[in-house]
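Okay, structure first, notes after.
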């Protein structure tokens with residue numbers, strides 16, 4: 001025994017000597033296994049989880065390293081594409097169970113981004129584990145059935161959560177919800193959540209900077225008043241919206257999906273400012289604004305002032321989508337929007353097909369007489385036109401009223417290209433007409 | 001003093017910092033270069049060290065002279081303000097072209113100097129080297145000892161929690177081991193290197209061993225797997241209730257369910273409109289003509305604009321209507337359920353008909 005021990009010691013001593021002298025320049029030394037764990041973790045989390053897990057059969061030193069990772073991303077790279085949702089979740093649980101058995105450090109991030117059918121009890125246990133390990137980022141990006149999977153409400157009481165992204169699940173906010181004080185980014189897609197729960201969730205994230213509410217149905221009211229909000233994207237069914245207090249909002253993209261059976265009376269109450277005024281009052285700092293279709297219609301509810309007080313002075317890029325040039329209401333509100341954004345340099349309008357109408361022509365004619373200008377406009381892109389008289393009249397109005405215009409790009413989709421000579425422009429404007 | 005004289009004097013006015021590596025060698029480095037390392041910067045500011053040879057800042061042991069040279073090269077380049085991202089990227093790409101041993105040392109040294117961007121760069125490079133390689137290849141690249149036996153490579157992880165699922169897994173492994181032994185007995189010249197050939201054990205093993213198991217595996221395995229999948233599928237789609245059926249039965253853009261028929265709600269971000277539908281419809285033929293045709297008689301500026309529009313259109317399709325895009329792309333192809341991730345932003349959940357009003 002002692003002899004053996006001695007020989008090992010001797011060997012080790014030799015190795016150490018070697019280390020100091022020759023090994024330094026010897027190329028065939030295993031350097032990576034001895035890197036500090038923080039660094040190995042940094043390297044391994046950059047690999048697909050499958051590759052990281054595979055390191056367990058490299059050598060004895062690597063046996064359990066992967067189970068201690070700080071980030072776990074289950075994505076399509078982990079599984080053969082042929083697996084069904086259930087089988088895939090089975091695989092996930094097996095891996096998760098191993099991690100739960102071996103992991104002894106913090107878990108910063110969990111992301112499930114592969115088509116699968118999670119089972120509530122497995123997922124609950126896993127989320128509880130993540131909560132104990134101080135999870136900071138939680139992403140649930142793909143599940144096989146929409147608005148079916150129940151998420152445990154304790155997910156919303158993970159105190160260190162800074163990024164939360166949920167897809168397709170049913171969310172319940174705990175009754176004693178105290179808020180997510182570290183949450184900076186919240187994205188809800190196709191989830192089932194009640195209006196009041198959503199309101200409470202959003203209200204109780206004091207440092208929220210990024211909010212995306214996508215594909216959520218039948219929200220009566222969307223109230224957003226987060227002082228640190230910078231980025232907002234809404235693409236949901238809602239009846240009314242209230243933006244308050246978000247002084248630092250830089251980018252807003254709002255798409256409203258019409259609600260067919262409304263619960264809140266749409267009629268304007270006495271003395272209440274029209275939607276356009278109400279919404280724009282909160283957008284005064286935005287640098288990029290995208291509004292589309294039904295939201296324009298919503299903004300038009302109530303008396304649309306030709307020009308109104310809240311002015312978006314800092315807005316260089318305005319993107320309007322699904323504009324119906326046949327609708328007087330929409331054209332009128334669009335013009336009001338344009339007028340309240342005096343410093344727009346780039347205007348992008350995507351047109352939705354509609355029949356031309358005479359009232360719109362008359363309205364546009366009054367505008368051109370009113371000597372109304374887009375004083376800073378340099379670039380205009382009008383997409384998806386089909387060449388109705390209303391569209392052409394509007395484009396020519398833009399050309400006539402924009403002294404600084406440099407380029408106009410007109411795009412039709414799948415139709416004949418509209419020849420440039422159809423547009424009445426000065427020589428300084430470069431017109432490009434395209435068809436896709 | 002003339003400007004010319006200034007230009008000559010200026011370099012001499014540069015201040016230097018003295019640093020010492022673990023082997024005792026001392027050298028001086030331009031202050032702005034040294035300050036790029038947070039560890040050195042802190043040392044200078046907090047202790048005032050580095051101002052002379054006698055007060056050289058001693059660097060952590062992990063920074064040897066050869067690696068220090070590399071690190072200073074990195075700092076020298078990146079501390080210059082006003083370089084474009086592209087320039088930096090090109091430099092970084094060239095910079096990390098070195099053998100894995102050095103790359104590891106560099107990662108370690110950069111970490112000890114708290115030089116986070118360099119740690120990121122080198123660890124990304126190392127991850128790229130590991131990614132997609134077989135265990136054998138990784139062992140070879142990094143000179144890892146192959147000290148696990150074939151059995152150990154299949155050995156279950158130790159049963160710590162006594163989780164029934166882990167026990168089950170261990171049983172599966174045991175079967176696998178037995179099988180391996182049997183094969184050992186039958187050893188002939190054409191012994192298959194492939195061990196993963198039984199699907200029941202495959203579940204976790206394929207995860208750990210990697211896809212290479214499948215690729216080498218006999219074809220019959222794949223067929224077995226396919227059959228299993230077919231069996232699974234009806235169950236699966238029924239569990240998805242109408243949703244599942246919907247996507248099988250209604251591949252063509254025909255129905256739009258919104259709000260009213262909640263049960264069949266299609267999983268799409270509902271950014272839709274007639275416009276987008278019509279554009280989508282007219283977009284599909286576009287996929288068939290090749291760029292050569294349309295670009296022929298366009299002037300370069302217009303071509304550029306066209307490219308930009310196409311790119312933008314594609315981007316919008318990608319970000320806002322991933323499933324629509326998938327639908328368009330798969331129009332001509334065989335219809336199947338698609339679960340492909342399109343981009344980081346959104347994965348395709350299920351492929352349903354185009355929604356429209």
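Chains as they are written, first to last, in UniProt numbering: chain A, 1 to 436; chain B, 1 to 357. The beta-carbon is built from N, C-alpha and C at its ideal position, and this holds for glycine as well. Small disclaimer: the values here were computed from a predicted structure and weren't measured.
Quick one: what does DSSP say residue 240(A) is sitting in, helix, strand or coil?
Strand, per DSSP.
Kindly list, in the order they appear in chain A, the residues whose Cβ is closer than 8 Å to that of residue 109(B).
Result: empty, since nearest Cβ-Cβ is about 11 Å, beyond 8 Å.
Residue of 49(A), 72(A), 410(A) minimising C-alpha distance to residue 79(A):
49(A)
Is the stretch 15-27 of chain B close to the stretch 421-436 of chain A, with three or more CB pairs under 8 Å?
no
Whole-angstrom distance between residue 129(B) and residue 287(A), CA atom to CA atom:
41 Å
DSSP three-state assignment for residue 322(A), whether helix, strand or coil:
strand
Just reading off the beta strand (DSSP E) that residue 423(A) is part of, what are its end residues?
From DSSP, residue 423(A) is part of no beta strand (DSSP E); its letter is neither H nor E.
Would residue 186(A) count as contacting chain B if we go by Cβ distances under 8 Å?
no
Note down the Cα distance separating residue 74(B) from residue 95(B), rounded to an integer number of angstroms.
8 Å
Residue 135(B) burial status per 10 Å Cβ neighbour count (16 or more: buried):
buried
With a CB to CB cut of under 6 Å and the five nearest residues on each side skipped, what residues in its chain are close to residue 122(A)?
93
Got a sec, what are the start and stop residues for the beta strand (DSSP E) residue 139(A) sits in?
137-140
Just the Cα atoms here: how many angstroms apart are residue 320(A) and residue 164(A)?
29 Å
Would you please verify whether the beta carbon of residue 104(B) is less than 8 Å from any beta carbon of chain A?
yes
Can you pull the chain B neighbours of residue 398(A), defined as C-beta to C-beta under 7 Å?
Residues of chain B passing the Cβ test: none, with the nearest at roughly 17 Å.
Do you know how far the Cα of residue 193(A) is from the Cα of residue 335(A)?
One alpha carbon belongs to residue 335(A), the other to residue 193(A), and they sit about 35 Å apart.
Quick check on residue 242(A): buried or exposed, where buried means 16 or more other Cβ atoms within 10 Å of its Cβ?
exposed
By DSSP, does residue 19(B) sit in helix, in strand, or in coil?
strand
What does residue 147(B) reach in chain A if we use C-beta pairs closer than 8 Å?
59, 60
Candidates 377(A), 167(A), 328(A), 373(A), of which the one nearest residue 359(A) by Cα:
Checking every option, the nearest Cα to that of residue 359(A) belongs to 328(A).
Give me the Cβ distance between residue 259(A) and residue 218(A), rounded to the nearest whole Å; I'm assuming they're in contact under 8 Å.
6 Å
Rounded straight-line distance, which links the Cα of residue 141(B) to that of residue 27(B)
34 Å
Report the partner residues of residue 221(A) according to the DSSP bridge assignment.
240(A).
So what's residue 375(A) in DSSP terms, helix, strand or just coil?
coil
Residue from 171(A), 202(A), 170(A), 364(A) whose Cα sits closest to the Cα of residue 180(A)
202(A)
Assumed close pair residue 322(A), residue 350(A) - CB separation to whole angstroms, cut-off 8 Å
Their Cβ separation, rounded to whole angstroms, is 6 Å, which keeps residue 322(A) and residue 350(A) in contact under 8 Å.
Nearest residue (CA-CA) to residue 406(A), options 386(A), 413(A), 415(A), 374(A):
With distances taken between Cα atoms, residue 406(A) lies closest to 374(A).
So which residues on chain B does residue 29(A) lean against when the C-beta distance must stay under 7 Å?
Within chain B, the residues whose beta carbon sits less than 7 Å from that of residue 29(A) are 101, 143, listed in sequence order.
Comparing C-alpha positions only, which one of 72(A), 45(A), 244(A), 257(A) sits nearest to residue 277(A)?
244(A)
Count the other CB atoms within 10 Å of the CB of residue 178(A); is the residue buried (16 or more) or exposed (fewer)?
It is exposed - the Cβ of residue 178(A) has fewer than 16 other Cβ atoms within 10 Å.
Is it true that the CB of residue 166(A) sits closer than 8 Å to the CB of residue 140(A)?
yes
With C-beta atoms as the reference, is residue 235(A) less than 8 Å away from residue 214(A)?
yes
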